[in-house]
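Engineer: Here's a structure for you.
In the numbering used here, the protein residues as written are 22 to 173.
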């Protein structure tokens with residue numbers, strides 16, 4: 022995991038020291054950013070959007086229990102995203118966010134095509150795949166899970 026950087030393979034060999042110094046933090050950074058970028062979406066929903074808006078949207082797709090799922094969206098995009106960012110209950114949070122993004126990809130955005138600039142699924146799919154990777158790896162060395170000695 023912490024193998025030395027092979028200077029011979031680098032296009033800019035002078036960067037080896039920088040790569041070597043910061044490589045151990047790269048996974049924690051990726052995990053943090055994956056959750057932290059989602060947090061404002063959840064906070065915005067919790068404080069500014071009426072739940073009925075999401076109940077109607079979810080129910081309109083024929084998905085059962087739309088009110089429960091709307092509250093789960095609020096929870097996942099706020100609490101779940103914070104947990105993902107800090108690495109607390111990391112695998113559970115990654116599964117929650119990943120499943121939600123998978124549903125968003127296929128049920129809500131697929132019809133608009135790939136590009137997010139046209140309401141497409143590009144961004145939700147990226148989040149899904151990041152969460153799959155995080156789910157396999159867990160919190161990692163720089164996570165609350167690691168510090169409490171449990172991987173969830």
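Virtual Cβ for every residue (Gly too), placed ideally from N, Cα, C. Just so we're clear, the structure is a prediction, and the values are computed from it rather than from any experiment.
Compute the beta-carbon to beta-carbon distance between residue 90 and residue 56, rounded to the nearest angstrom, for a pair I have assumed lies under 8 Å.
Structural biologist: Between residue 56 and residue 90 the Cβ distance is about 20 Å, and since that is not below 8 Å, they are no contact.
Engineer: Report all residues from its chain with a CB closer than 6 Å to the CB of residue 121; omit the five preceding and five following residues, and keep chain order.
Structural biologist: Cβ within range, chain order: 97.
Engineer: Measuring alpha carbon to alpha carbon, tell me which residue in 68, 59, 83 and 108 is nearest residue 155.
Structural biologist: Comparing Cα positions, the closest option is 108.
Engineer: Classify residue 43 as buried or exposed, calling it buried when 16 or more other Cβ atoms lie within 10 Å of its own Cβ.
Structural biologist: Residue burial annotation: residue 43 is exposed, with fewer than 16 other C-beta atoms found within 10 angstroms of its C-beta.
Engineer: Quick test of the definition: if touching needs 3 or more C-beta pairs under 8 Å, does the stretch 146-153 touch the stretch 116-135?
Structural biologist: yes
Engineer: Using C-beta distances below 7 Å, list every residue in its chain close to residue 173, excluding the 5 sequence neighbours before and after it, in chain order.
Structural biologist: 110, 111, 112, 113 and 166
Engineer: Just the Cα atoms here: how many angstroms apart are residue 148 and residue 41?
Structural biologist: 27 Å
Engineer: Where does residue 155 sit, in a helix, a strand or coil, going by DSSP?
Structural biologist: helix
Engineer: Got a sec? Which residues, its chain only, sit under 6 Å from residue 59 by beta carbon, not counting five neighbours each side?
Structural biologist: 98 and 102
Engineer: From which residue to which residue does the alpha helix (DSSP H) around residue 38 run?
Structural biologist: 37-43
Engineer: Count the other CB atoms within 10 Å of the CB of residue 79; is the residue buried (16 or more) or exposed (fewer)?
Structural biologist: buried
Engineer: Can you tell me which of the three DSSP states residue 109 falls into?
Structural biologist: coil
Engineer: What are the boundary residues of the alpha helix (DSSP H) that residue 50 is part of?
Structural biologist: Here the alpha helix (DSSP H) through residue 50 covers 47-69.
Engineer: Closer than 6 Å by C-beta to residue 160: which residues in its own chain qualify, once you throw out the five before and the five after it? Chain order, please.
Structural biologist: 108, 111, 166 and 167
Engineer: Which runs of the alpha helix (DSSP H) spanning at least 4 residues fall entirely within the stretch 78-129, listed in chain order?
Structural biologist: As far as the stretch 78-129 is concerned, its whole alpha helix (DSSP H) runs of at least 4 residues are 87-96, 102-107 and 111-124.
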